[in-house]
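Quick note, the sequences are listed as chains A and B, same order. Using the working numbering, read the first sequence as starting at 14 and increasing by one per residue. Using the working numbering, read the second sequence as starting at 173 and increasing by one per residue. The beta carbon of each residue, even a glycine, is placed where N, CA and C say it ideally should be.
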Amino acid sequence: MKDLMPSLPRRLAVTLALPVTLIAAWWITSADSQSFYFPPLQTILQTFGRLWFSPHALSDVGPSLWRFSVGYLAAAFLGIVIGIPVGASRNLRNVLEPVLEFLRAIPPPVLVPVLILFTGLGNEMKALVILFGCIWPVLLNTVAGVRALDEILGETVRSYRIGGLSRLWHFVLPGASPQIFTGLRQSLSIGIILMVISEMFAARDGIGFVLVQYQRTFAIPEMWSGIIVLGIIGIVLSLIFRAIEAWLLGWYHGLRQSQRAG
Amino acid sequence: MPVTQATRVRARLTARTFIWLQGLAGLVGFAMLLEIVPRIGIVSPDYLPPFSAIMVALFKEMTTAEFWTALSDTLEAWAIGFVISVVAGVAIGLAIGSSHLLRSLTHSTIEFLRPIPSVALIPLAVLLFGSQIQSTLVLVVYASFWPVLIQVLYGVQDVDPVARETARSYGLGTWAQIRYVTWPTTLPYLMTGIRLAAAVALILAITSEVAIDTQGLGKEISDTESGGAVAIMYAYVIVAGIIGVIVNLGARALERRVLAWHPSVRLDAAEAGA
Numbered sequence: 014m015k016d017l018m019p020s021l022p023r024r025l026a027v028t029l030a031l032p033v034t035l036i037a038a039w040w041i042t043s044a045d046s047q048s049f050y051f052p053p054l055q056t057i058l059q060t061f062g063r064l065w066f067s068p069h070a071l072s073d074v075g076p077s078l079w080r081f082s083v084g085y086l087a088a089a090f091l092g093i094v095i096g097i098p099v100g101a102s103r104n105l106r107n108v109l110e111p112v113l114e115f116l117r118a119i120p121p122p123v124l125v126p127v128l129i130l131f132t133g134l135g136n137e138m139k140a141l142v143i144l145f146g147c148i149w150p151v152l153l154n155t156v157a158g159v160r161a162l163d164e165i166l167g168e169t170v171r172s173y174r175i176g177g178l179s180r181l182w183h184f185v186l187p188g189a190s191p192q193i194f195t196g197l198r199q200s201l202s203i204g205i206i207l208m209v210i211s212e213m214f215a216a217r218d219g220i221g222f223v224l225v226q227y228q229r230t231f232a233i234p235e236m237w238s239g240i241i242v243l244g245i246i247g248i249v250l251s252l253i254f255r256a257i258e259a260w261l262l263g264w265y266h267g268l269r270q271s272q273r274a275g
Numbered sequence: 173m174p175v176t177q178a179t180r181v182r183a184r185l186t187a188r189t190f191i192w193l194q195g196l197a198g199l200v201g202f203a204m205l206l207e208i209v210p211r212i213g214i215v216s217p218d219y220l221p222p223f224s225a226i227m228v229a230l231f232k233e234m235t236t237a238e239f240w241t242a243l244s245d246t247l248e249a250w251a252i253g254f255v256i257s258v259v260a261g262v263a264i265g266l267a268i269g270s271s272h273l274l275r276s277l278t279h280s281t282i283e284f285l286r287p288i289p290s291v292a293l294i295p296l297a298v299l300l301f302g303s304q305i306q307s308t309l310v311l312v313v314y315a316s317f318w319p320v321l322i323q324v325l326y327g328v329q330d331v332d333p334v335a336r337e338t339a340r341s342y343g344l345g346t347w348a349q350i351r352y353v354t355w356p357t358t359l360p361y362l363m364t365g366i367r368l369a370a371a372v373a374l375i376l377a378i379t380s381e382v383a384i385d386t387q388g389l390g391k392e393i394s395d396t397e398s399g400g401a402v403a404i405m406y407a408y409v410i411v412a413g414i415i416g417v418i419v420n421l422g423a424r425a426l427e428r429r430v431l432a433w434h435p436s437v438r439l440d441a442a443e444a445g446a
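Structure representation (structure tokens):
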């Protein structure tokens, strides 16, 4: 047991060793860097502190996160709501599957120019781009999840005459949720990509816009600090996602583990 | 017996044809929807031309050299980036995965780097390479490397300890162990990684063309949008979608083929045959 669970300090050391080494290597090799594009890490971090620990940082990141949340949550909701009936009906599924596969296969960034036509350059466009890009993985995985529901459980639910909302809430949604979360996870990174490039392409605010401004004005340390902020946003969003998944799917992972052990 | 079997085969064929026809009906219905919606004015034809107009534009574009250059530029960037990611992902994955120490040392760094969105690298790529193909490759490789690496790492960890011990007691060397024990276990995971990476690589190739104007379909789409050639823009969107479908289907077919010996695929085939 001792070997399987190393002590906390040792685990910390193992976890931090490589990141610390890499950052130290970056710090040292860039310390007296004369290269225009690769300024010293020290300069980048000073810029980072100046730029992103100020009230004005909120006005850059806030709009991005707002548009992302609206688009992503709407996509999650619609994907599940549409996916359940499609997954439950064999005929509906057969008719719609090729269309959905096609829509899913369109690389979502092409939606940016398309939706600019419809809605101009406002907030709606960005939220809609994110919605249109994120909905397909959720929708298709919901369809697959509902389709693969346990048949015996389904018969049992039917013979107990459990129907309507309580069937949905206690049987369909939990049964399909592992697949739904697979879709939600795929959508998360697509959503972040779309959030950034819709702002790079056409916006007056947001992290993507700011990043491109720094690059175009050759404000290199500022640009690097923006890249770091974007990285942090990606990491934080994926941590939040994992926490929610662990909370809602805890029963499933526990079940899988005990099945494997047994 | 042969009679019932023949009937069964025929029944299955009709069932399959029926499903196929249903899918076709769905596609035709979708095309008709795209035709009718702008025609009766639910959406202005300035924003969404009727489907027939898009198709006419598509066939007209297909006679131009521009179209084929854009198509091959996109495919070239996709293919090079995809191959680099797969090769790097496999090599690094096998190296890290086969050592417990390396695995625990790199775990936190991989988990930290993976969620960093590749689009964060766009400004850097633009400064370093402008709108050359290298810019696209930076984004494509950064995005599609991770799924391959992660899947290979899962796969290597999944090797049956008994098989490993057996190989060792038969005196298999490191290479033979990788070839006959680790590789077959990893392959199904790798194929999942390859399937994900192929799709992600296409998304990032087009992203780079839309956002930083590297040559390809994405650039044609953003150019035709700003030039007001709406029907042509939709034609390119449809082409991008068709390429996406081909990439997805191709990756699935490859998976089936490479894993034909594997129980998961054999089981599928047996069920389909039953």
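- Here the alpha carbon of Gly158(A) sits roughly 22 angstroms from the alpha carbon of Ser251(A).
- In the pairwise beta carbon analysis, the region 142 to 156 of chain A is classified as touching the region 104 to 121 of chain A: at least three pairs are separated by under 8 angstroms.
- Contact of Ile375(B) with chain A by beta-carbon distance below 8 angstroms involves Pro120, Pro121, Pro122, Ile203 and Ile206.
- Only residues of its own chain outside the window of five on either side were considered, and among them Phe254 and Glu258 have a CB closer than 8 angstroms to the CB of Arg198(A), listed in chain order.
- For a cut-off of 8 angstroms, the C-beta gap from Gln55(A) to Trp40(A) is around 7 angstroms, short enough to register as a contact.
- Contact between Val328(B) and Gly365(B) does not hold, since the beta-carbon distance rounds to 12 angstroms and is not under 8 angstroms.
- Residues of the region 338 to 366 of chain B with a C-beta less than 7 angstroms from any C-beta of chain A: none at all.
- The Cβ of Ile393(B) sits closer than 8 angstroms to at least one Cβ of chain A.
- Interface residue (Cβ-Cβ distance to chain A less than 8 angstroms): Val409(B) is classified as such.
- For Asn104(A), the neighbours in chain B by C-beta distance under 8 angstroms run, in chain order, Gln194.
- The beta carbon of Ile93(A) lies closer than 7 angstroms to those of Val151, Thr155 and Ile193 in the same chain, with the five residues before and after it left out.
- Straight-line spacing of the CA atoms in Trp433(B) and Met363(B) works out to 14 angstroms.
- In the DSSP annotation of this structure, the continuous segment of the alpha helix (DSSP H) that includes Gln192(A) starts and ends at Leu186 to Phe214.
- Annotation for Ile414(B): the continuous alpha helix (DSSP H) segment containing it runs Val402 to Val430.
- When C-alpha distances from Asp163(A) are compared across Arg23(A), Ala189(A), Gln270(A) and Met236(A), the shortest belongs to Ala189(A).
- Non-local beta-carbon contacts of Ala242(B) in its own chain, meaning distances under 8 angstroms to residues more than five positions away in sequence, involve Gln387, Gly388, Leu389, Lys391, Glu392 and Tyr408 in chain order.
- Closest in C-alpha terms to Val262(B), from the list Leu296(B), Glu427(B), Ser398(B) and Leu359(B), comes Leu359(B).
- Taking 8 angstroms as the upper bound for CB-CB distance, Arg106(A) and Arg160(A) are in contact here, some 7 angstroms apart.
- Cβ-Cβ separation between Ile414(B) and Ala229(B): approximately 15 angstroms, too far for a contact (criterion under 8 angstroms).
- Interface annotation, Thr308(B): not in contact with chain A, CB-CB separation never under 8 angstroms.
- A direct Cα-Cα distance of roughly 12 angstroms separates Leu130(A) from Leu141(A).
- In the three-state scheme derived from DSSP, where H, G and I count as helix and E and B as strand, Phe231(A) is classed as coil.
- Taking 8 angstroms as the cut-off, the beta carbon of Ser280(B) is found closer than this to the beta carbon of Pro32(A).
- Secondary structure note for Leu134(A): it is in no alpha helix (DSSP H), with a DSSP letter that is neither H nor E.
- For Val313(B), the enclosing alpha helix (DSSP H) begins and ends at Ile305 to Gln329.
- If you look at Asp73(A), you'll find it in the alpha helix (DSSP H) that goes Pro68 to Ala101.
- In chain order, Leu277 make up the part of chain B whose C-beta sits under 7 angstroms from the C-beta of Ala30(A).
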